[in-house]
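Listed in order, the protein sequences are those of chains A and B. Number 315 in the working numbering belongs to position 315 of the first sequence; there are no gaps in the numbering. Number 144 in the working numbering belongs to position 144 of the second sequence; there are no gaps in the numbering. Backbone N, C-alpha and C fix where the C-beta goes; we use that ideal spot for every residue, glycine too.
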Amino acid sequence: MIEDYFKLSFKNLKKRGLRSWLTLLGIFIGVVAVVSLISLGEALKFSVASQFGIGNVEVISVRAGGVNSFGPPGSSVATPLGEKELFEIKSLSSVKRAIGQYIKPGKIEYNKKTIFGYFSSVPPGEDRKFLYEQLDGGLAAGRFLDESDSRKVILGYNFYVDKIGFDKPVYPGRNVLINDQSFEVIGILEKKGSFIYDNVVYMNEEDFKNLFNVKDDIAVIQVQPVDRNEMEKTKEDIEKALRKIRNVKEGNEDFEVSTPEASLSTLNSVLSGVQIFIVIVASISIFIGALGIVNTMTASVLERRRDIGVMKSVGARNSQVFLQFFIEASLLGLIGGLFGALFGTLLGVIGTASINAFLGSDISPNINFSLIFLSLAGSFLVGGISGIAPAMRAAKQNPVDALRS
Amino acid sequence: MAKKRSEEIIIELKDVHKHYPMGEVLVKAVDGVSIQIKKGEFVAIMGPSGSGKSTCMNLVGSLDVPTKGKIFLDGEDISLLSESDLAQIRGKKIGFIFQSFNLIPNLTAKENVALPMVFQGIDEIEREVKATNLLSLVELEDRMTHYPNELSGGQRQRVAIARSLANDPEVILADEPTGNLDTKTGEIVMNFLKKLNQEEGRTIILVTHDPDLAQEHANIVYWLRDGKIEKITKRNSVWHEVPFKKKKGEK
């Protein structure tokens, strides 16, 4: 009856010294690493993707500066994008719609408190619909900006729930000071779980240009292709057109055209790399843990030779002695894995909560039960495999010699 | 299948040898011993240190196999059995009592008594009931959940006696069972063994170096010296030496 061996093993494990438990650290650390970081990795992937707005798979983004630029989109760029580029892109046959979005940092004041945030323009005419579509959702309160609205703004959700530092939520109808000029808040966007959308202030392009005194400094041009299956072709068309009007050769572009797939794939490959690294570290750790179990079980066999002799003298067959030690080793592994999975899950939850707190996002902790189950099964297996040699050694003990020890 | 022998005789050692090398010397621990033990007898194997009595006990108890000769247990030749078959015999037919008690320290008194039944696949409820009864038999009903280190030497040995009875064996092998006990406690333990012999008809084989203990409790004493039987004494109304066939060259 196998459960009897489990009970006996538990009894033996309960009486184990600290040394035996310390040998479990390897398996513990390995499982913590796998469970916490893979869960967290999923959360990170989700978080980073949503933070950078890689949710909309139908839009191509064009930015000035190319891959070597740093800082906020469009800032500190030698040759910014302008109306000329926007017009050129709009006139391409593969492009359905394109809008230019101005983005600038600035000062915003409310409740006698000042913070610095990002401001984005809302394009005029029919183009504003495209932006609203990209915001993908409605309003938490108030209304969207109309063509006729002047000195009015809509705010991201974090202003509404006071996650921004004003110590007081901002509601539609209130006035805020932006770069020392008064603006009326007329709407609050729905929660997006992304600091890009939830912390940004939107205003009509005309107000934006007046306030920040900009003319031709578009941060990003958002492009919707005619055919969503022709992303790459549209991207090539845009690159070709921009190279021509900006007079740059292929390979020396001072702009960057990125498709959401490309961004996602870059992001995924980086995160996958991190995950592979973690899995390698975890594997090494588990291997060391397995050696620890071999060591502690071998010591246990030597320490309990007399007990083995007693077991044999009262009728235990070699196979039963083997089973006893094998199960004990498996349980050792399982206990290491269990604590590892618990602690790893806890770390995953805390890590996700920290990401949420830091980025103002709203990601649920990704508790992957099949991963936890696999980790536990793996730990049990690693323990068992590590216990085979010591258990065989126990089973082969000569009862007379064992009793004499 | 082993050939069936006399129904009366439960154990028979027939010209049994146990020789083993130790360094360059060949140790003749048991050197041509022949013993017949009948069912229900209380037998003592006596001898000084190194006389081969413990080796003899190991052979009778199927913990060891002879290098030469045959051992019959309940008519079955056990000298050529595999380790697995020997374990089965130990589990079912023989109960051991050791000088140093040999209880498993991580198990309570009741769990120690129940342990032999685990290896025979007896279910938990039956084990519980039987272990409780056996501990009551040795008057330890109030010590069932105690661990060995919470028991006195005498109590530990009584737990060991209860454990030896777990699978209802026909033969109980007691190797210096009072060796680690004071006289009074030793007497209590021996009385339990006597009770098992007289009231339950179990065969008891007592291994001891104490002639008084042997002669006080046993009916037959095999005196061993240098791995050989030196003499056999038997109690009728008084102790007298029993003649036996010695090997050629033996005095």
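For residue i, count neighbouring Cβ atoms within 10 angstroms of its own Cβ and tell me buried if that reaches 16, exposed if not.
i      : result
D123/B : exposed
F369/A : exposed
I103/A : buried
A219/A : buried
E147/A : exposed
W239/B : exposed
M22/B  : exposed
G138/A : exposed
A29/A  : Just to set this straight, residue 29/A is Ile in the shown sequence, not Ala. I29/A is buried by the Cβ-count criterion.
G71/A  : With a pLDDT of 48 at G71/A, under the threshold of 50, the modelled position of this residue cannot be trusted, and the question is left open.
A131/B : buried
N68/A  : Because the pLDDT at N68/A is just 45, under 50, the model does not fix this residue reliably, and the point stays unresolved.
E250/A : exposed
N58/B  : buried
Q198/B : exposed
G65/A  : buried
Q324/A : buried
L26/B  : exposed
R158/B : buried
R304/A : buried
M1/A   : exposed
P105/B : exposed
Q320/A : buried
Could you tell me the boundaries of the alpha helix (DSSP H) in which residue i lies?
i      : result
S407/A : Given that chain A is displayed from residue 1 to residue 405, the structure contains no residue 407/A and the question cannot be resolved.
Y171/A : Premise fails: Y171/A is in no alpha helix (DSSP H) and is neither H nor E.
R235/B : Counting along the chain, R235/B falls outside any alpha helix (DSSP H), though it belongs to the beta strand (DSSP E) covering 228-235.
M392/A : 369-395
V400/A : 399-404
I178/A : Here I178/A belongs to no alpha helix (DSSP H); instead the beta strand (DSSP E) covers 175-178.
Who are the near neighbours of residue i in its chain, counting only those whose CB is closer than 6 Å to its CB and skipping five residues on each side?
i      : result
S9/A   : I327, E328, L331
I205/B : V43, L173
G312/A : According to the sequence provided, residue 312/A is Lys. The question's Gly does not apply to it. The answer, listed in chain order, is P399.
R335/B : Because chain B is modelled from 1 through 251, residue 335/B falls outside the range shown and cannot be assessed.
K90/A  : A98
R174/A : V185
A141/A : P172, I188
L403/A : G309
K53/B  : I45, G47, V207, L224
Give every residue of the same chain whose Cβ lies closer than 7 Å to the Cβ of residue i, excluding the five residues on either side of it in the sequence, and list them in chain order.
i      : result
F96/B  : G61, S164, L173
V96/A  : In the sequence on display, residue 96/A carries Lys and not Val. Excluding sequence neighbours, K96/A sits near Q224, P225, V226.
A341/A : V31, V35, I372, S375, L376
N12/A  : E328
K93/B  : L73, D74, P169, E170, V171
N252/A : none
Please tell me whether, using a cut-off of 7 Å, the distance from the CB of residue i to the nearest non-hydrogen atom of the ligand SAH is below it.
i      : result
E216/B : The model depicted lacks the ligand SAH and carries no ligand whatsoever.
Residue range of the beta strand (DSSP E) that residue i falls in?
i      : result
R97/A  : 95-101
F408/A : Residue 408/A is absent from the model: chain A starts at 1 and stops at 405.
R63/A  : 60-64
T185/B : It is not in any beta strand (DSSP E) - T185/B instead sits in the alpha helix (DSSP H) that spans 183-200.
R16/A  : Note, R16/A: premise wrong, no beta strand (DSSP E); not H, not E.
G32/B  : 25-38
E241/B : 239-242
M46/B  : 42-46
Using a Cβ-Cβ cutoff of less than 8 Å, which residues in the same chain neighbour residue i once the five nearest sequence positions on both sides are dropped?
i      : result
R156/B : F101, L103, P148
G91/B  : P116, F119, Q120, N167
R393/A : T298, V301
N111/A : F166, D167, K168
T108/B : M144, T145, H146, Y147
N229/A : none
Task: chain A contacts from the segment 117-134 of chain B (Cβ-Cβ distance under 8 Å) - done: The segment 117-134 of chain B vs chain A, Cβ under 8 Å: V118, F119, Q120, G121, D123, E124.
Open item on the list: Give me the subset of the segment 303-321 of chain A whose CB atoms are less than 8 Å from a CB atom of chain B, sorted by chain position.
Closed with: From the segment 303-321 of chain A, only R306, D307, G309, V310, M311, K312, S313, V314, G315, A316, R317, N318, S319, Q320 have a Cβ closer than 8 Å to chain B.
Task: Ordered list of alpha helix (DSSP H) runs contained in the segment 105-138 of chain A, each at least 4 residues - done: Whole alpha helix (DSSP H) segments, 4+ residues: 127-135.
Task: Complete alpha helix (DSSP H) runs within the segment 65-131 of chain B (minimum length 4 residues, chain order) - done: Fully enclosed alpha helix (DSSP H) runs of 4 or longer: 83-93, 109-119.
Task: Runs of alpha helix (DSSP H) lying entirely within the segment 300-351 of chain A, each at least 4 residues, in chain order - done: Contiguous alpha helix (DSSP H) elements confined to the segment 300-351 of chain A occur at 305-313, taking only those with 4 or more residues.
Open item on the list: What are the residues in the segment 192-205 of chain B lying within 8 Å of chain A by C-beta distance?
Closed with: Here the close residues number zero.
- [ ] Could you run through the segment 71-84 of chain B and flag, in chain order, every residue whose CB is less than 8 Å away from some CB of chain A?
- [x] Considering only beta carbons, the part of the segment 71-84 of chain B lying closer than 8 Å to chain A consists of E83, S84, in chain order.
Task: Contacting positions in the segment 170-185 of chain B - beta carbon closer than 7 Å to chain A - done: In summary, no residue of the segment 170-185 of chain B has a CB separated from any CB of chain A by less than 7 Å.
- [ ] Run through the segment 137-168 of chain A for me and flag every whole beta strand (DSSP E) of 3 or more residues, listed as ranges in chain order.
- [x] You should have 139-142, 152-155.
- [ ] Select from the segment 10-29 of chain A all residues with a C-beta closer than 8 Å to any C-beta belonging to chain B, and list them in chain order.
- [x] Of all residues in the segment 10-29 of chain A, K11, N12, K14, K15 have a Cβ within less than 8 Å of some Cβ in chain B.
- [ ] Taking a Cβ distance cut-off of 8 Å, strictly less, list which residues of the segment 97-113 of chain B are near chain A, in chain order.
- [x] So the list reads F98, N102, L103, I104, P105, N106, L107, E111, given in the order they occur along the chain.
Open item on the list: To be precise: take each residue of the segment 154-167 of chain B, compare its Cβ to all Cβ atoms of chain A, and keep it if any distance is under 8 Å. Which residues remain?
Closed with: Contact residues of the segment 154-167 of chain B toward chain A are R163, A166, N167 (C-beta to C-beta distance below 8 Å).
Task: Contacting positions in the segment 21-42 of chain B - beta carbon closer than 7 Å to chain A - done: Those residues of the segment 21-42 of chain B that come within reach of chain A (Cβ to Cβ, closer than 7 Å) do not exist; the list is empty.
Open item on the list: Counting only Cβ-Cβ distances shorter than 9 Å, please list the residues of the segment 213-243 of chain B near chain A, keeping chain order.
Closed with: Within the segment 213-243 of chain B, no residue has its Cβ closer than 9 Å to any Cβ of chain A.
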